[in-house]
Structures are given as structure tokens and as C-alpha cells.
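Enquirer: Here my numbering is used: the first residue of the sequence shown is 117, the next is one more, and so on.
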Amino acid sequence: MDVYPTKYSDAFGDEVVSISNDGKNLRMRVRGVVFAGRDFAWFEPENEVDVPQGRFSLCQGGLCDFRIEFAIPLEIAQPKQTTLEELRVTISVGGADKFGFPTSDVSLELTVFERELKSRGTSQWFEDELLDIQAQLPTGCTFRSCFGCAYSDYSVYGHGFFGNMLCFRNIKDRYSKVKDKDEYMEIMDLSIETVQETYVCPEFAIRRPGTGYRG
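(1) Hey, would you say Glu160 sits closer than 8 Å to Gly178, going by beta carbons?
(2) Starting from Ala251, trace the alpha helix (DSSP H) in both directions and tell me its first and last residue.
(3) Classify Asn286 as helix, strand or coil using the three-state DSSP reduction.
(4) Measuring only the C-alpha atoms, how far is Asp118 from Ala187?
(5) Report yes if the C-beta distance between Arg171 and Phe128 is below 8 Å; otherwise report no.
(6) Could you tell me which of Arg147, Asp221, Phe156 and Asp181 sits nearest to Val167, measuring between CA atoms?
(7) In angstroms with no decimal places, state the Cα-to-Cα distance between Tyr267 and Thr122.
(8) Determine the closest residue to Leu190 out of Lys196, Cys180, Asp181 and Glu201, with distance taken between C-alpha atoms.
(9) Output the residue ranges of the alpha helix (DSSP H) runs that lie fully inside the segment 129–170 and measure 4 residues or longer, sorted by chain position.
(10) On the premise that Ala152 lies in contact with Val141, defined as a C-beta separation below 8 Å, what is that separation, rounded to the nearest angstrom?
(11) Identify whether Lys234 lies in helix, strand or coil by the three-state DSSP scheme.
(12) At the level of alpha carbons, what is the spacing between Phe259 and Phe217?
(13) Return the residue from the list Gly274, Gly276, Met281 and Ile303 that minimises the CA-CA distance to Lys288.
(14) How would you call Phe320, buried or exposed, if buried means at least 16 neighbouring beta carbons within 10 angstroms?
(15) Give me whichever residues DSSP pairs with Val332 in a beta bridge.
(16) With a 10 Å radius around its C-beta and 16 neighbouring C-beta atoms as the bar for buried, classify Gly256 as buried or exposed.
(17) Do Phe229 and Glu313 have their CB atoms nearer than 8 Å?
(18) What are the partner residues of Cys262, as DSSP defines its beta bridges?
(19) CA-CA distance, Gly274 and Asn280?
In C-alpha cells:
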């Protein structure tokens, strides 16, 4: 279980809270109310009757109009060693869009070799912001996490804001031979589980360019 000290802000004030992460589910207690979900941009109250009126904003039953700032420990594989760094995350969840669901923005920061790397913060997707940071990593460095693993990918049908990667460590050889979308779709349903971008397991292997569906 990882716990991230978090600054929570909304129209009703600022709070120092924490987000717990068991690798699948996220939980956050704010003003005595526990919110949970699998996605940093979609927290729902565990018990709606606990939500006092005038203390939070909700859209379609999910928490909205708030901002969270926290850091996730993230291993960086380097040519001669692996170091543990902090991926600094800022997420702003806005009001309802035309479908009634909250909008979201995310920006990431990482320090490697005393270099400050910052994502553009314009994509609205955790994946794209990580790609932005990845492109700035020094030569020979990569994320030692599911996002940088040789056996992870996304669904061709789309994915959520965070925590929706498919793991193919159970069929490593078949996945590694995928050359296009059609071949990927033949094995996509064989993934062993859904994982978070920042998770890492003992079977991690460095991803090479051009691997799988996402390249």
C-alpha cells in the first residue's frame, strides 16, 4: 500500500490529506468523507449519505471542481543503476462537460540528474503527459514501471485517465511478436490484468521502440 501526502483544494478551502493506493484502488478522506476510485480524476463517495451539502461539488455522483497535488515514487532505470525519484503530479478536475462528466487536466514534473523535466500539461491524459516526460529523459534512461515495460499496452477501444494499462506478462512471446493493430486485437483479451502506469512487478523488462500496439 502506497500513501501519497496530498494538497487538496476546492472552492470550500484547502486541506492536507492523503491518497492511499493498493495498486488497483485509490482512497482519499476529505473533511471526514471517504472518496474512492480507480482513477485520480474520478473519485466517488463510498457512502453518499456522508457527503454534507455545501462542502463538495459532485458531477454524476463523482467529485468535481477540485485540485490535488502529490508525488508518486517512480523508479528510473539508468545504464548502470536504478534510482528512485518522485513524479510530482498536479491534477485539476473541473465542472461537468456536455455529457455531465467532469473535465480534467494533469501536469507532471520529474527531476533526473538535477534536470527539471516538465510535461506540457495540455493533453488532459496521464498517458500523454508521461510520454512528454519520457521524451525528455536523458539518453539511456527509462521508467521502471508498467508504462515503460515491454509487456504493457492500452486497449484499442480507448482507456481511462489513469490505471487502465493491459498487462501481457502471461503471454510475453505472443505479445512481443505483435506487428500491427489486427495482430494485437487477436490477443488483447488474453491480458492477465489491468495495471497502473506507475506500478512495477518483478517481471518488468525495458520496453523497446516499436513494441506492440502502442509502439
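Even for Gly, the Cβ is constructed at its ideal location relative to N, Cα and C. It should be emphasised that the depicted structure is a prediction, and the values quoted were computed from it without experimental measurement.
Expert: Once the coordinates are examined:
(1) yes
(2) Phe242 to Gln252
(3) helix
(4) 11 Å
(5) yes
(6) Arg147
(7) 31 Å
(8) Glu201
(9) none
(10) Going by the sequence as given, residue 141 is Asn instead of Val. Correct: roughly 6 Å between the Cβ atoms.
(11) strand
(12) 31 Å
(13) Ile303
(14) buried
(15) What the structure shows of the chain is the stretch from 117 to 331, and residue 332 is not part of that stretch, so it cannot be assessed.
(16) exposed
(17) no
(18) Partner(s): none; Cys262 has no beta bridge.
(19) 9 Å
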